[in-house]
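In the UniProt record's numbering, the protein residues as written are 1 to 372.
For every residue, glycine included, the Cβ atom is placed at its ideal position computed from N, Cα and C.
The structure displayed is predicted, hence computed values, not measured ones.
Everything on this sheet refers to the single structure shown next.
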């Protein structure tokens, strides 16, 4: 078969099982209950004002060539202090940062244990490494300890990789207990803070700092494309970790550095968040209101995070419910298998600090009406 025929055949399978993906531009008339802009920082003009003094349009190269600028190193110093770490290193996205860390640090003879619901970039990263890798049941400390006990005596290092908050279920990792297990079995913890960056704590320094365990985490990955409302990511950890990634992470070595405008936006957004703790307070009130109004018999996520959702047993039901909410003026998206497991398809609902109380009430009213 010609390659186009093979591709078309695969696409037809997606269409037949209801999982075919298309690109859509959000209707500006619809109320945003979909984006990861939890605090609305992507929409704050004060953060994204044009830069007064022109510096350059792009960094013009990778940072090991001509792309390393003073503004990169200034931001990394700022981020290390903001996230209470010894040092930090900027990557171009959270996806790339996870690939960079997990493909280069675990060595042959090491073992990487990842939560089964970890983001695909974590799974892809460990596949690129030379280490063995295994999944443990989601947030299941007993299963994790069983695997730690199994591999502890084999020699080599053990890495535990989790997300502080999971992107589809909005639930938190039991990090305090994981730290205890890591100490018991001499393991190293890597935490993806993508969905807690800029949220937890008065300043938005993430879940690890909120629990005051940042010094017990080998590497923390912070993403700026969600609640920060910008783009890029940073790995926070020791100076040795930073130097190692500069020397061995291909995703850092061979990538053109972030431009000046992007770097300044990250710093401005985090400063803005630090000076506006009321945004997190308002978001938490909207989350409480959502749970208060929504009928309790609806199959929904049990989440204290802005990530919420209504669960279905197949793709078609999720699509039908999503279309209903779209038609009534709400911007939401269905999450279909294979992105989530079969039987756990859902409509993902993201609450925001900028959603008014009336908007949240109206959304819940329509959800309740649908299930009547």
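CB of residue i within 7 angstroms of CB of residue j, strictly
{"i": "residue 232", "j": "residue 92", "result": "yes"}
{"i": "residue 303", "j": "residue 171", "result": "yes"}
{"i": "residue 230", "j": "residue 63", "result": "no"}
{"i": "residue 30", "j": "residue 329", "result": "yes"}
{"i": "residue 106", "j": "residue 131", "result": "yes"}
{"i": "residue 179", "j": "residue 216", "result": "yes"}
{"i": "residue 133", "j": "residue 112", "result": "yes"}
{"i": "residue 173", "j": "residue 162", "result": "yes"}
{"i": "residue 340", "j": "residue 34", "result": "no"}
{"i": "residue 129", "j": "residue 103", "result": "yes"}
{"i": "residue 177", "j": "residue 199", "result": "no"}
Neighbourhood of residue i by C-beta, 6 angstroms cutoff - its chain only, sequence neighbours within 5 removed
{"i": "residue 315", "result": "18, 19, 336, 345"}
{"i": "residue 152", "result": "185"}
{"i": "residue 298", "result": "371"}
{"i": "residue 242", "result": "87, 89"}
{"i": "residue 313", "result": "343"}
Distance between beta carbons of residue j and residue i, contact taken as under 8 angstroms
{"i": "residue 234", "j": "residue 190", "result": "So it is not a contact: roughly 14 angstroms between Cβ atoms."}
{"i": "residue 270", "j": "residue 228", "result": "6 angstroms"}
{"i": "residue 136", "j": "residue 147", "result": "6 angstroms"}
{"i": "residue 40", "j": "residue 352", "result": "6 angstroms"}
{"i": "residue 260", "j": "residue 55", "result": "4 angstroms"}
{"i": "residue 201", "j": "residue 210", "result": "5 angstroms"}
{"i": "residue 322", "j": "residue 334", "result": "4 angstroms"}
{"i": "residue 110", "j": "residue 156", "result": "4 angstroms"}
{"i": "residue 123", "j": "residue 114", "result": "7 angstroms"}
{"i": "residue 213", "j": "residue 175", "result": "6 angstroms"}
{"i": "residue 78", "j": "residue 327", "result": "45 angstroms between Cβ atoms; not a contact."}
{"i": "residue 46", "j": "residue 272", "result": "7 angstroms"}
Residue i - partner residues in DSSP beta bridges
{"i": "residue 134", "result": "113"}
{"i": "residue 188", "result": "159"}
{"i": "residue 252", "result": "Paired residues: none, contrary to the question."}
{"i": "residue 334", "result": "347"}
{"i": "residue 62", "result": "256"}
{"i": "residue 376", "result": "The shown model of the chain, from 1 to 372, leaves out residue 376, and the question about it has no answer."}
{"i": "residue 172", "result": "165"}
{"i": "residue 300", "result": "310"}
{"i": "residue 223", "result": "233"}
{"i": "residue 32", "result": "331"}
Other residues of its chain near residue i: CB distance less than 8 angstroms, five sequence neighbours each side excluded
{"i": "residue 294", "result": "300, 364, 367, 368"}
{"i": "residue 101", "result": "125, 190, 219, 221, 235, 245, 249"}
{"i": "residue 197", "result": "204, 206, 222, 223, 224, 226, 227, 228"}
{"i": "residue 71", "result": "55, 260, 263, 264"}
{"i": "residue 14", "result": "20, 21"}
{"i": "residue 239", "result": "86, 87"}
Cut-off 7 angstroms between Cβ atoms - residues of its own chain near residue i, not counting five sequence neighbours on either side
{"i": "residue 309", "result": "300, 301, 346, 347, 348, 349"}
{"i": "residue 290", "result": "308, 351, 360, 364"}
{"i": "residue 5", "result": "none"}
{"i": "residue 27", "result": "331"}
Beta carbon proximity, residue i to chain B, threshold 7 angstroms
{"i": "residue 141", "result": "Annotation note: the requested chain B is absent from the structure, which comprises a single protein chain."}
Okay, do the stretch 239–258 and the stretch 87–102 touch, 3+ Cβ pairs below 8 angstroms being the bar? Yes: at least three Cβ pairs fall under 8 angstroms.
Say whether the stretch 103–122 touches the stretch 81–92, bearing in mind that this needs 3 or more beta-carbon pairs closer than 8 angstroms, one atom from each stretch. These segments do not touch.
Quick check: the stretch 353–361 against the stretch 307–325, are at least 3 beta-carbon pairs closer than 8 angstroms? The stretch 307–325 vs the stretch 353–361: no contact.
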